[in-house]
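Protein chains in written order, with our numbering: chain A, 1 to 208; chain B, 1001 to 1208. Here a beta-carbon is modelled for each residue, glycine too, at the ideal position from N, C-alpha and C.
Protein chains: 2
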Amino acid sequence: MISSTNKFEQLPTEKQARIVDASVAEFSERNYETASMNKVVERAGIAKGSLFNYFKTKSSLYHHIYHLAIGEVKAYLRKVRDETVDLPFEKRLTKIVDSGVQFITDHPRLARIYFRLIYSADSPNRQKIVSELQVLSNDYLGEIIQDAMDRNELDPNLDKGQAVFFLDSVLNRFLKDYHEAKSHGDADQFNRDEWVKGITIFFTKGLK
Amino acid sequence: MISSTNKFEQLPTEKQARIVDASVAEFSERNYETASMNKVVERAGIAKGSLFNYFKTKSSLYHHIYHLAIGEVKAYLRKVRDETVDLPFEKRLTKIVDSGVQFITDHPRLARIYFRLIYSADSPNRQKIVSELQVLSNDYLGEIIQDAMDRNELDPNLDKGQAVFFLDSVLNRFLKDYHEAKSHGDADQFNRDEWVKGITIFFTKGLK
DNA sequence: TATAATAATGACCGGGTGGTCAATTTAGCT
DNA sequence: AGCTAAATTGACCACCCGGTCATTATTATA
């Protein structure tokens, strides 16, 4: 079976990079519907026909790009999870938030694509993608909460589903606001350490 | 000073209603950029020139509509706030969540416009509007938390700003998920009472 | 170097957009 | 009824969209 991005993957690395960069820029600045293939080819410095040769449709280009974004997110999450297995819940939560902040700093455009995907209703297959991400997040935070329950750091009779939901709500919202503040230039209304401390205290108390 | 919606407001009520209904339908089903003035006039059964006579631009029609949506939201919030001044924090929180659920049930399309506005980045003046809503929410939840602190139901040394943030995050996320589940037909994966109870317990413990 | 295969190009297509405005219908007034 | 002013209309405009494909440029093979 030949993937739909096969032709693209056989391109010289430099050209691939240019196209990916242009696409990431476009999809991070505009939502799916208003992002323009014309603008992408312009930015990438290639002909329109070429782009449609590499990716049959706008939708398939978008899929390629958001998979890339989600892949990066996953890598950050996996890394911090593995690096903190032995830490107590509180410290672990802190590291996770830090890692999120780091991701936003390192990849602001990918972060934007990620948040766009989660919070807006327009991307193709949105429902499927979002529910996949939901599962991912559930597994991820679920594991961390379970570990803490096993160690008696959190109430072992917790409704884990709800606990995950609360954690997910606050973490995502915090990172989204942080990302927005950052891209508007007023990031340091957030005293980050203060917030991270507040979040961890709140959760360790609330879920005790 | 003559408002830009002056001409619209002088229309017969029935015609106004038709136009508002068509606009609400369109703006709830599509985001700002992809919502179509052509579709609005089609739905409303009026000529395109007429709509642009009542509202000079798409943006001004949108403003009219979302003000309407936010006005309704505010009315619900005010009502539940005033009806619960004497209740303890826990009961009060329950009523607020219930009221949100009720709003979604009564006005699903307005709810959609509201969530679109908050969570997607495309509406005109989005930044200004969102920060206004932020203030509104801060005042509203801030007042309720302050009341609870005054009555020693919550820790009087709480960082109120953070407490509001946590509450806002979880409430908004819960209502958004509820709204989405409802519009996909699988609303009763939410055992609502269970969730409302979980939320209130979590917060009373977490902010104690 | 001649030929075949492959890659890249951009003019072009049908269709949709927000917005305009001359022409027509309707309403109000004497 | 006759006249005027206001309201309504929809054809039309310039622009942009995703996508196509005949033509051209490049590369590989001999």
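Contact annotation: Phe1089 (chain B) and Thr1204 (chain B) have beta-carbon atoms nearer than 8 Å. When C-beta distances to chain B are compared with 9 Å, the residues of the region 112-128 of chain A below that value are Arg112, Phe115, Arg116, Ile118, Tyr119, Ser120, Ala121, Asp122 and Gln127, in chain order.
In terms of Cβ geometry, Arg116 (chain A) and Ala1121 (chain B) form a close pair [threshold 8 Å]. Ser59 (chain A) is a Cβ neighbour of Pro124 (chain A), given a cutoff of 8 Å. In the three-state DSSP reduction, Tyr1066 (chain B) falls in the helix class (H, G or I). Counting C-beta pairs with one atom in each stretch, the region 1104-1118 of chain B and the region 1025-1040 of chain B have three or more that are closer than 8 Å, which means they touch. When A:Asp155, A:Arg109 and A:Asp139 are compared, the shortest CA-CA separation from Lys208 (chain A) is found for A:Asp155.
Contact annotation, Ala22 (chain A) with Ala44 (chain A): C-beta distance approximately 4 Å; criterion of less than 8 Å satisfied.
Separation of the CB atoms of Val164 (chain A) and Gly142 (chain A) is rounded to 5 Å, and the pair is thereby assigned contact status at 8 Å.
Between Ala1047 (chain B) and Val1040 (chain B), the gap from beta carbon to beta carbon reaches 8 Å or more.
If you look at His107 (chain A), you'll find it isn't in any alpha helix (DSSP H); DSSP assigns it neither H nor E. Distance from Phe27 (chain A) to Val73 (chain A) at the Cβ level is roughly 15 Å; contact not present, criterion being Cβ atoms closer than 8 Å. Here the C-alpha atom of Phe202 (chain A) lies approximately 38 Å from the C-alpha atom of Tyr62 (chain A). By the Cβ neighbour-count rule, Lys1176 (chain B) is buried, with 16 or more other Cβ atoms within 10 Å of its own. Straight through space, the alpha carbons of Arg81 (chain A) and Asp147 (chain A) are spaced by roughly 11 Å.
If you compare the alpha carbons of A:Tyr66, A:Ser50 and A:Asp150 with that of Val130 (chain A), the shortest gap goes to A:Tyr66. Within the region 1159-1181 of chain B, the residues whose Cβ lies closer than 7 Å to some Cβ of chain A are Asp1159, Gln1162, Phe1166, Ser1169, Val1170 and Arg1173, listed in chain order. The Cβ-Cβ distance between Val1196 (chain B) and Val1085 (chain B) does not fall below 8 Å. Going by C-alpha positions, Gly71 (chain A) is about 16 Å away from Thr105 (chain A). For Ala1163 (chain B), the three-state secondary structure derived from DSSP is helix.
Interface criterion not met: the Cβ of Glu1042 (chain B) is under 8 Å from no Cβ in chain A. Pairing Ile145 (chain A) with Ser36 (chain A), the inter-Cα distance amounts to about 42 Å. Counting only residues of its own chain and dropping the five nearest sequence neighbours on each side, Asn1172 (chain B) has a CB closer than 8 Å to the CB of Ile1118. About 7 Å separates the Cβ atoms of Ala25 (chain A) and Arg109 (chain A), confirming a contact at the 8 Å cut-off. Interface criterion met: the Cβ of Lys205 (chain A) is under 8 Å from a Cβ in chain B. In this structure, the CA atom of Asn1053 (chain B) is about 54 Å from the CA atom of Thr200 (chain A). From the beta-carbon of Thr34 (chain A), the residues of chain B found nearer than 8 Å are Glu1033, Thr1034 and Asp1122. Residue-level contact by beta carbon holds for Phe1202 (chain B) and chain A, with a gap shorter than 8 Å.
Cβ-Cβ distances below 8 Å link Leu136 (chain A) to Lys74 in the same chain, with the five nearest sequence neighbours on each side left out; the list follows chain order. Just so you know, the alpha carbons of Arg112 (chain A) and His179 (chain A) end up roughly 8 Å apart. Excluding sequence positions up to five before and after Ser183 (chain A), its CB lies within less than 8 Å of the CB of Pro108 and Arg112, all in the same chain and listed in chain order. When A:Lys7, A:Phe174 and A:Gly185 are compared, the shortest CA-CA separation from Ser99 (chain A) is found for A:Phe174. Going by DSSP, Arg151 (chain A) is part of no alpha helix (DSSP H) at all; its letter is neither H nor E.
Contact between Leu1077 (chain B) and Tyr1140 (chain B) is confirmed by a C-beta separation of about 6 Å, below the 8 Å threshold.
Listed along chain A are Lys205, each with a C-beta nearer than 8 Å to that of Lys1208 (chain B).
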